[in-house]
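Q: The structure is given below, and queries will be raised subsequently.
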Amino acid sequence: MTLTRRGFTLAAAGSLAAPFVARPAFADNEPIRVGWLAALTGPSSAPAIGFDRGVRYATDLINAAGGVKGRKIELVVRDTQGDPTKAVNAVQDMVSRAKVHAIYGPTNSGEALATTPIMARGKMPNLHPGFVDSLIDPTKFPNAFRMAPSNSQINEAVANYCLQIQKVTEVAVLGDTTGYGVSAVTDFVTLFKQKGGTVVYQAQIDATQPDVTPDMLRARNANAKAIVIWSVSTGMEARLMNTRTTLNWDIPFLGHPAMGSGEVGHLVDKPENWSKVYILGFKNCSFGADGKLPPRTQAFVDKIKGKIELKDTILWWVACGYDAIDLIAKAVDATGSSSSEAIIGHWNTLKSYPGLYADYAWSATQHNGFPTDEIVMSEANSQTDGAYKLAPGYTICGPSPQGEGEKSRREPKDCPIEEVMMSAVTTLRAVAHPRAAV
Amino acid sequence: MLASILASGLAIGAVYALIGITYNTMYTASRVMSFTAGQLGMLGGVLGSLFILRLGLPAAIGFVVTLIACAAIGVVTEIVAVRPVLGKLDQHLYVLSTLAFALMIQQVTAIEWSTEPQPFPRLLGIGNGGPWDEKFWLPLVACAAVTGGLEFLYRRTLVGRAFLAISEDNFAARALGLPERNLRMASYALAGVVGGIAGFASGELLLAFFANGAMLNFYGFVPVALGGLGNNRGAIIGGIALGLFQQAANFTVGGVFSSVAVFVVFIVVLLAAPQGLFGSSRARRV
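Taken in order, these protein sequences are the chains called A and B.
So the first sequence is numbered by this note's numbering: it starts at 1 and just counts up by one.
So the second sequence is numbered by this note's numbering: it starts at 439 and just counts up by one.
Listed below in structure tokens is the structure:
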């Protein structure tokens, strides 16, 4: 066969054009690779195990339905074990080698503080449930979106519950001696004073301190009307509850969700010692006075019955994991692309997206996606299937079951008057404090 | 308030004293300060909860099995962390070996048991959480029983006198035909039992928590230093005084500052009496 000049030119042009011609067909079938950074083992693994159930359920559901525009979701899972070093290595692997399209996680703030700048350098679309305020900065980290409340929002919600619903202005604030305990107490005290409350006593207690009577007596002598507790130490929290009963002191405890863990239930001397304890909760994942979840969440819980175990985990962890995969899939579906720019651009336009865990809203300048008015307090001793009952004072008109990509709520006329009033209060609050200041 | 200070101060002081005795029992047999003493206390609580609450054994049997297990840990400490470094006592390698073994015990407990405190069973059901609750006086009773038992052992029995003989002069004891290695192992088993009693008796107060080990190691060492190395009476007085002072400081200056207060007093005492309040300064051969 003789090679002519015309033949050579055509062959060269054909081979140069081939990748561009073939590309759409390849991209159509390419899976959407989602990096899932989770502390699945180690001492802080409980939340990640819950998130993981939601992540895998959503992935299986989407893939069983044919994927997103024919593209299956492929999870790239790395167990970070709660170790920031391992999390950093996993991110570098996901970005450079696995070439994921988006990352969900890490699941704790300590790891996220280490990985967020690395993901920002790689312009990697990132959703995470970390609470630390500094993890979100649309200027420094335009790729990072928070789908949980920030610490500021949490403090705001607890302070509002004390001041506006419990009508308590004088509180004692206790924390453990860890870095988290110290900073959480300091932050809450500052905010509570700004909002007009009085902190009559504040202290750090060592988690192994066998007798907490001294601190409780000091709080009582200072005339505290409620005690706000920021600690993950269930032993310390149970001791505080037992001592409250021994002292015959009938005041509410408010604060960290750890007070609602089953461990505390085992450690209190009597079940009644666990009552009048209110922990941080989330509206969409809380039982109302009628004993039911909001319709959208209830529909999800009914759907996963027998498929996902909720008895040994927390519902909002599962819901948040589900929402993360859903948000990534919806971004690819809406834009028809899995490029970083497309996904980030889509998330920047979301307004009140009806998730299971919350109604997320992001913009180019605000990447805190969790509405403050959806943070509520729950009764610590009321856990059923991973969800808690709303604390006294809340009567919330829940959203209706989720429609495809749209959100609908019951009309105010369908809600009892208390619900309407509460909605008005939260709306006013949202106007005054649109989101936590970051 | 005074009743609370006395109740919890005496209780926690008794636990510190028992851990101090655990340190001393191991020290007198081997001249080694074994940092597994606090972990033995922690294991007393954890194993008690395991045998009684999780495995459903009766409290008395659970208590005996706990002590046997703690004695076994004591013996393993001697074999693994003490015996290999006895020849190099002057290099203080035992600090590393016993600390490493203590950390291993703590980490295995955290992994296999829980990183969260677990409940300890009510043993007698006396009291309602107030100053007369059993959780406050059980450690005191245990401390008194251990003190009496050790006095009897050391003063009235042949085995006890053999313990004293090897602690007084190791070489002379061996020259007299005493089985030094076996006696040392028995001493470590005895230390395990004392540590186990401390943890079991204080289980309702401290809960079955892996982190208690480090706390007991730390505070249990103070009465040893205050009372004088190897001096059990000094350890008991030092432990009770420490507990009462710590609780009084808790009430007056608050939890975090009470630790500072405790160690300020500790340093001042050691500056004034380096050999401890009840220890005697030894002549050193030059």
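Where a beta carbon is used, it is the ideal one built from N, C-alpha and C, also for glycine.
Could you give the uninterrupted runs of the alpha helix (DSSP H) lying entirely in the stretch 662 to 696 of chain B, keeping only those of 4 residues or more?
A: The stretch 662 to 696 of chain B contains these whole alpha helix (DSSP H) runs: 670 to 691.
Q: By DSSP, does T115(A) sit in helix, in strand, or in coil?
A: Here residue 115(A) is taken as the residue at index 115 of the first sequence, counted from 1. In this structure, T115(A) counts as helix in the three-state DSSP scheme.
Q: Within 10 angstroms of its Cβ, does N284(A) collect 16 or more other Cβ (buried), or is it exposed?
A: Working through the first sequence from its first residue, we reach residue 284(A) at position 284. It counts as buried.
Q: Have a look at D83(A) and N160(A) and give me their C-alpha separation to the nearest angstrom.
A: Taking the first residue of the first sequence as position 1, residue 83(A) is located at position 83. Taking the first residue of the first sequence as position 1, residue 160(A) is located at position 160. So the two alpha carbons sit approximately 34 Å from each other.
Q: In the DSSP assignment, find the unbroken beta strand (DSSP E) run with E550(B) in it and report its ends.
A: Numbered from 1 along the second sequence, position 112 holds the residue referred to as residue 550(B). E550(B) -> not in any beta strand (DSSP E); alpha helix (DSSP H) instead, spanning 531 to 550.
Q: Applying the criterion that 16 or more other CB atoms from any shown protein chain within 10 Å of the CB defines a buried residue, is G181(A) buried or exposed?
A: The residue labelled residue 181(A) in the question sits at position 181 within the first sequence. With 16 or more Cβ atoms within 10 Å of its Cβ, G181(A) is classed as buried.
Q: Here's a check: name, in chain order, each residue in its chain whose Cβ is nearer than 6 Å to the Cβ of V660(B), leaving out the five neighbours to either side.
A: What you label residue 660(B) is simply residue 222 of the second sequence in a count that begins at 1. For V660(B), where only same-chain residues beyond five positions count, the Cβ hits under 6 Å are L680, F704.
Q: Using 9 Å as the limit for Cβ to Cβ distance, is L643(B) near chain A?
A: Translated into positions along the second sequence, residue 643(B) becomes position 205. By this cut-off, L643(B) is an interface position.
Q: What are the residues of the stretch 168 to 188 of chain A that lie near chain B, defined by any Cβ-Cβ distance shorter than 8 Å?
A: Those residues of the stretch 168 to 188 of chain A that come within reach of chain B (Cβ to Cβ, closer than 8 Å) are T177.
Q: For G451(B), which three-state DSSP category applies?
A: Along the second sequence, one-based indexing puts residue 451(B) at 13. G451(B) falls in the helix class under three-state DSSP.
Q: Can you tell me the Cα-Cα spacing of R726(B) and L527(B), whole angstroms?
A: Past the edges of chain B, shown from 439 to 724, lies residue 726(B), and the structure says nothing about it.
Q: Could you tell me the alpha carbon to alpha carbon distance between M623(B) and G512(B), rounded to whole angstroms?
A: In the second sequence, residue 623(B) corresponds to position 185, counting from 1. In the second sequence, residue 512(B) corresponds to position 74, counting from 1. Going from the Cα of M623(B) to the Cα of G512(B) covers about 8 Å.
Q: Throw me the rounded Cβ distance for the N155(A) and D176(A) pair, which I believe falls under 8 Å.
A: As a position in the first sequence, residue 155(A) is number 155, starting the count at 1. As a position in the first sequence, residue 176(A) is number 176, starting the count at 1. Wrong, their Cβ atoms sit about 17 Å apart, outside the cutoff.
Q: For V88(A), does the three-state DSSP call read helix, strand or coil?
A: The residue given as residue 88(A) occupies position 88 in the first sequence. Correct three-state label for V88(A): helix.
Q: Beta-carbon separation of A364(A) and P142(A) under 9 Å?
A: Within the first sequence, the letter at position 364 stands for residue 364(A). Within the first sequence, the letter at position 142 stands for residue 142(A). Contact flag set, yes.
Q: Can you tell me whether DSSP reads A498(B) as helix, strand or coil?
A: As a first step, residue 498(B) must be located in the second sequence, where it is residue number 60. Correct three-state label for A498(B): helix.
Q: What does A649(B) reach in chain A if we use C-beta pairs closer than 8 Å?
A: If you number the second sequence from 1, residue 649(B) lands on position 211. Correct list: A207, T208.
Q: In terms of residue numbering, what span does the beta strand (DSSP E) encompassing R146(A) cover?
A: Locating residue 146(A) in the first sequence gives position 146, counting from the first residue. It spans 144 to 146 - the beta strand (DSSP E) in which R146(A) sits, taken as one unbroken run.
Q: Secondary structure at W249(A), three-state DSSP: helix, strand or coil?
A: Here residue 249(A) refers to the residue found at position 249 when the first sequence is read from its first residue. In this structure, W249(A) counts as coil in the three-state DSSP scheme.
Q: For a cutoff of 9 Å on Cβ pairs, would you count L555(B) as touching chain A?
A: Mapped onto the second sequence, residue 555(B) falls at position 117. The sequence shown places Pro at residue 555(B), not Leu. Yes, contact with chain A.
Q: Closer than 8 Å is the cut-off here; do at least three beta carbon pairs connect the stretch 227 to 240 of chain A with the stretch 248 to 268 of chain A?
A: Touching, yes, given that three or more Cβ pairs across the two stretches are closer than 8 Å.
Q: To be precise: take each residue of the stretch 262 to 275 of chain A, compare its Cβ to all Cβ atoms of chain B, and keep it if any distance is under 7 Å. Which residues remain?
A: Answer in chain order: E263, H266, L267, D269.
Q: Whole alpha helix (DSSP H) runs in the stretch 31 to 93 of chain A with 4 or more residues, listed along the chain?
A: Within the stretch 31 to 93 of chain A, the complete alpha helix (DSSP H) runs of at least 4 residues are 46 to 64, 84 to 93.
Q: In chain B, which residues lie with their C-beta within 7 Å of the C-beta of T372(A)?
A: Translated into the one-based positions of the first sequence, residue 372(A) becomes position 372. Simply none; closest approach about 30 Å.
Q: Grab me the residues of V332(A)'s own chain with a C-beta within less than 8 Å of its C-beta, minus the 5 sequence neighbours each way, in chain order.
A: In the first sequence, residue 332(A) corresponds to position 332, counting from 1. I32, V68, K69, R71, H101, S338, A342, I343, listed in sequence order.
Q: Pull up the DSSP beta-bridge partners for W230(A), would you.
A: Here residue 230(A) corresponds to residue number 230 of the first sequence, with the count starting at 1. Answer is G175(A), bridged to W230(A).
Q: Judging by CA-CA distance, which residue of A157(A), G122(A), S152(A) is the nearest neighbour of K140(A)?
A: Counting from one through the first sequence, the residue named residue 140(A) turns up at place 140. Here the closest residue by C-alpha is G122(A).
Q: Use the C-beta contact count for I517(B): other C-beta atoms within 10 angstroms, 16 or more gives buried, fewer gives exposed.
A: On the second sequence, residue 517(B) is found 79 positions in, with the first residue counted as 1. The residue in question, I517(B), is exposed, as its Cβ has fewer than 16 Cβ neighbours within 10 Å.
Q: Please list the residues of the stretch 52 to 84 of chain A that have a C-beta atom closer than 8 Å to any C-beta atom in chain B, keeping them in chain order.
A: Cβ contacts with chain B come from no residue of the stretch 52 to 84 of chain A.
Q: Rounded C-beta distance between A38(A) and T107(A)? I'm assuming under 8 Å.
A: One-based indexing of the first sequence puts residue 38(A) at position 38. One-based indexing of the first sequence puts residue 107(A) at position 107. With a Cβ gap of about 5 Å, A38(A) and T107(A) count as contacting.
Q: Within 10 angstroms of its Cβ, does Q164(A) collect 16 or more other Cβ (buried), or is it exposed?
A: Here residue 164(A) refers to the residue found at position 164 when the first sequence is read from its first residue. That one is exposed.
Q: Along chain A, which residues have their Cβ under 7 Å away from the Cβ of A688(B)?
A: The residue labelled residue 688(B) in the question sits at position 250 within the second sequence. At residue 688(B) the sequence reads Asn, which differs from the Ala that was named. Chain A residues near N688(B): P214.
Q: Scan the stretch 216 to 230 of chain A for residues whose Cβ lies nearer than 8 Å to a Cβ of chain B and list them as they occur along the chain.
A: The residues in question are L217, R218.
Q: May I have a chain-ordered list of the alpha helix (DSSP H) segments no shorter than 4 residues that lie completely inside the stretch 449 to 487 of chain B?
A: Fully enclosed alpha helix (DSSP H) runs of 4 or longer: 475 to 487.
Q: Could you name the residues of chain B that T41(A) contacts, counting a contact when the two beta carbons are closer than 9 Å?
A: Locating residue 41(A) in the first sequence gives position 41, where the first residue counts as 1. Near T41(A) there are no residues of chain B at all, since even the closest Cβ is about 10 Å away, more than 9 Å.
Q: Does any CB atom of chain A fall closer than 9 Å to the CB of I543(B)?
A: The count along the second sequence starts at 1 and reaches residue 543(B) at position 105. Closer than 9 Å: no.
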